[in-house]
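Written out below as structure tokens is the structure these notes cover.
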Amino acid sequence: MTIPTTHPAGTRTIESTVPVGAVYAAGTPMEESGPLADGPVVSDETVAPLAPWSGALRAGQVLTIVDLGGNQSADFLVYNATETDERYSVPDTLAWQANAYLREGSVLRSNLGRPLMSVVGNEIDRQDTIGGACSKESNTLRYGYHTEHQHGCRENFLSEAARYGLGARDLVSNINWFMNVPVEENGTLGIVDGMSAPGKRVALRAEMDVLVIVSNCPQINNPCNDFNCTPLRMIVTDAPAAAPTGTDHA
Amino acid sequence: MPSRADLHQTDSVVAARADARARATETAPYLPYRPASTSPVVPPGVDPAALTWAETVAPGGYTHKVLARGTRIRLDDPTGRACASVILYNALEPSERLNVADTIKIPWQAYLGAGHPLLSGDGRALASISADTSGHHDAFCGTTTDAFSTARYGSADPQGPTPSGRSRFLLAAAKHGLTGRDLPPSISFFQGVHVEADGQLVFRGSAGAGAYVELIAELPLIVLIVNVPHPLDPAEDYLVGPLQVHAWRGEPTTAADDRFTATPELTRAYLNSIDYAEARGL
Ligand SMILES: [Zn+2]
């Protein structure tokens, strides 16, 4: 039998039979942190556990992503805001830097080889861009058919992308901020316990006008979210005001 | 009390792989059964080996499949609270799709039931309703949008307890390369609406637990199904029930079937579908 559960709904509560995924346990430590870049704050939003998010950044603006609860994967895609056929490319990013992990100084390159964003601040040893996003379909391969109904990052990406007229053909291999995917000597790779902690941050400067789409990963079958899905904080800052270059005689 | 993370050893790739594989012993009330012959609720009279689709769709969930011409599709409402909203496409040319206006206008009948065709805008039967124990269906109201779900339930978040039907159709459509422009009005099975003399649309709810409908695919189909509350469902809560879906191999309608000659419009709809299939070598 299908047992309803109770959820807050504005000024009332609502009963629902929808099997919603689990979120973080009561008492989970959180650390607010703040922007990892100088400059005035343009926007400051919290992404609920399991939820999608998107934002447009102008060239020069910086997005700070705060891992409020620690070891929460922020699945991340970025597009040229005006020509979305140009989008994040894992192979271009990795080949250009000749390294499998993202760190401070990494340039997030497009499928045309151009810089979309660059990592201007990073508080994790290394960041992942080889692990891809979870989906209800791939969950059936990894864990079994009983996980097919669970919410996944591909669902979040598709839902958020549709708001911009983008669809399945626009989803490409992504970045997973705060997720840990080591490649061992014999080639074994997989998602293991993360190296992040409450309040850890990454900061990304837009190198052109970009559209960013994020899934706050709902996965509860592996350690990418520490089995405890927590919120993310997304802070956009403008570039610091340039130092005056001359004297105003007016 | 240990945290959920304490229950899993995932500090190395090998340990993480073992932890992931251990998940296979778990189960859930909503899942696809693969192979379909392993369905725990095979429809009466159906050879399990002939099944090509068997699935229980969660409340608020969706499903989708590409089906061969002639396939039989059965939808079951085990609790009396399912609402199966359906869109069909010609799988070979998805610009041909369910046309709800033609589906009620051409047969001169607003209420869907056994013998009713589901017509495309190209004058062909995409599917036929071959059996119906419910009689509570709707071709007027479509499904809910995010705006509607937000107004009714306070939220339409895709990850939340009250997703909209259109958001679910968008996800199902995306899995076939289709987008929002490809979503025509849908029909709903198991939750009925009646048109009063003054035009008022009155929600009739379901026929109770245990109803089913059966469809025949008259062309190769992309089938999208979402299971969310009907837009006119007056309940303040979001209490949709699970939906069972089965499909099995079969033959499309031919001139030898009674429904082929039931009305002159039906005869021509089937002739058009057969003409298309013959020309394409189906
Ligand atoms: Zn994920």
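Chains as they are written, first to last, in our numbering: chain A, 346 to 595; chain B, 11 to 292.
All C-beta atoms in this analysis are idealised placements derived from N, C-alpha and C, irrespective of residue type, glycine included.
Source: prediction; values computed, not measured.
Query - Residues of its chain near isoleucine 359 (chain A), where Cβ-Cβ distance is below 6 angstroms and the 5 sequence neighbours each way are ignored - result: His352
Query raised in the report: Taking contact to mean at least 3 C-beta pairs separated by less than 8 angstroms, is the region 406 to 416 of chain A in contact with the region 436 to 449 of chain A?
Result: no
Report task. Pick helix, strand or coil for leucine 402 (chain A), following the three-state DSSP scheme. Result -> strand
Query - Start and end residues, beta strand (DSSP E) containing glutamate 390 (chain A) - result: 386 to 392
Report task. Return the residues of the region 159 to 172 of chain B that lie within a Cβ-Cβ distance of less than 8 angstroms from chain C, sorted by chain order. Result -> The question asks about chain C, but that chain is absent: this structure's protein chains are A and B.
Report task. Please compile the residues from chain A whose C-beta is within a distance smaller than 9 angstroms of the C-beta of serine 95 (chain B). Result -> In chain order: nothing, as chain A lies at least about 15 angstroms away.
Report task. For glycine 415 (chain A), name the three-state secondary structure that DSSP assigns. Result -> coil
**Report entry** Near ligand 1: glutamine 254 (chain B) beta-carbon under 6 angstroms from a heavy atom
**Finding:** no
Query - Closer than 8 angstroms at the beta carbon, the chain B residues around phenylalanine 572 (chain A) - result: Ser13, Arg14, Ala15, Leu17 and His18
Report task. Consider the Cβ of glycine 539 (chain A): report whether some Cβ of chain B lies at a distance smaller than 7 angstroms. Result -> no
Requested in this report: Just the C-alpha distance for threonine 189 (chain B) and alanine 401 (chain A), rounded to the nearest angstrom, thanks.
Outcome: 22 angstroms
Requested in this report: Return no unless some Cβ of chain A is closer than 7 angstroms to the Cβ of glycine 291 (chain B).
Outcome: no
Query - Range of the contiguous beta strand (DSSP E) that encloses proline 274 (chain B) - result: Run containing proline 274 (chain B): none in the beta strand (DSSP E); it sits in the alpha helix (DSSP H), 274 to 289.
**Report entry** Under 9 angstroms by beta carbon: chain A residues contacting serine 196 (chain B)
**Finding:** Result: empty, since nearest Cβ-Cβ is about 17 angstroms, beyond 9 angstroms.
Query raised in the report: Does at least one heavy atom of ligand 1 sit under 6 angstroms from the Cβ of glutamine 564 (chain A)?
Result: yes
Query raised in the report: Using DSSP with H/G/I as helix, E/B as strand and the rest coil, what is leucine 180 (chain B)?
Result: helix
Query raised in the report: proline 69 (chain B): which of B:Gln169, B:Leu211 and B:Ser105 sits nearest, CA to CA?
Result: B:Gln169
**Report entry** CB contact flag (serine 140 (chain B), glutamate 224 (chain B), <7 angstroms)
**Finding:** yes
**Report entry** asparagine 561 (chain A) to leucine 193 (chain B) span [Cα, whole Å]
**Finding:** 27 angstroms
Query raised in the report: Does the beta carbon of threonine 154 (chain B) come closer than 7 angstroms to any beta carbon on chain A?
Result: no
**Report entry** N- and C-terminal bounds of the alpha helix (DSSP H) containing phenylalanine 270 (chain B)
**Finding:** Run containing phenylalanine 270 (chain B): none; DSSP gives neither H nor E here.
Requested in this report: Taking a Cβ distance cut-off of 7 angstroms, strictly less, list which residues of the region 44 to 77 of chain B are near chain A, in chain order.
Outcome: Arg44, Ala68, Pro69, Gly70 and Gly71
Requested in this report: Could you give the DSSP three-state label for lysine 75 (chain B): helix, strand or coil?
Outcome: strand
Report task. Please find out if some non-hydrogen atom of ligand 1 comes closer than 6 angstroms to the beta-carbon of cysteine 498 (chain A). Result -> yes
**Report entry** Spatially closest choice to alanine 265 (chain B) from B:Arg259, B:Val250 and B:Asn282, by CA coordinates
**Finding:** B:Asn282
Report task. Indicate whether arginine 566 (chain A) and arginine 33 (chain B) have their beta-carbon atoms separated by less than 7 angstroms. Result -> Strictly speaking, residue 566 (chain A) in this sequence is asparagine, with arginine absent from that position. It is a contact, given that the beta carbons lie within the stated cut-off.
Query raised in the report: For alanine 371 (chain A) and chain B, any beta-carbon pair shorter than 7 angstroms?
Result: no
Query raised in the report: Is there a Cβ from chain B that is less than 7 angstroms from the Cβ of asparagine 566 (chain A)?
Result: yes
Requested in this report: In the DSSP assignment, find the unbroken alpha helix (DSSP H) run with isoleucine 359 (chain A) in it and report its ends.
Outcome: Looking at the DSSP string, isoleucine 359 (chain A) is not in any alpha helix (DSSP H); the run it does join, the beta strand (DSSP E), is 357 to 361.
Query raised in the report: Going straight from the alpha carbon of arginine 27 (chain B) to that of aspartate 21 (chain B), what length do you get?
Result: 10 angstroms
**Report entry** For glutamate 65 (chain B): DSSP bridge partner residues
**Finding:** B:Pro42 and B:Val255
Query raised in the report: Counting only runs that start and end within the region 417 to 492 of chain A, where is the beta strand (DSSP E) found for 3 or more residues in a row?
Result: 419 to 425, 452 to 454 and 460 to 467
Query raised in the report: Buried or exposed: lysine 115 (chain B), going by 16 or more other Cβ atoms within 10 Å of its Cβ?
Result: exposed
Query - Residue interval of the beta strand (DSSP E) (run including tyrosine 222 (chain B)) - result: 221 to 227
Query - Sub-7 angstroms separation of valine 365 (chain A) and cysteine 574 (chain A) beta-carbons - result: no
Query raised in the report: Thinking C-beta only, is arginine 259 (chain B) closer than 7 angstroms to alanine 60 (chain B)?
Result: yes
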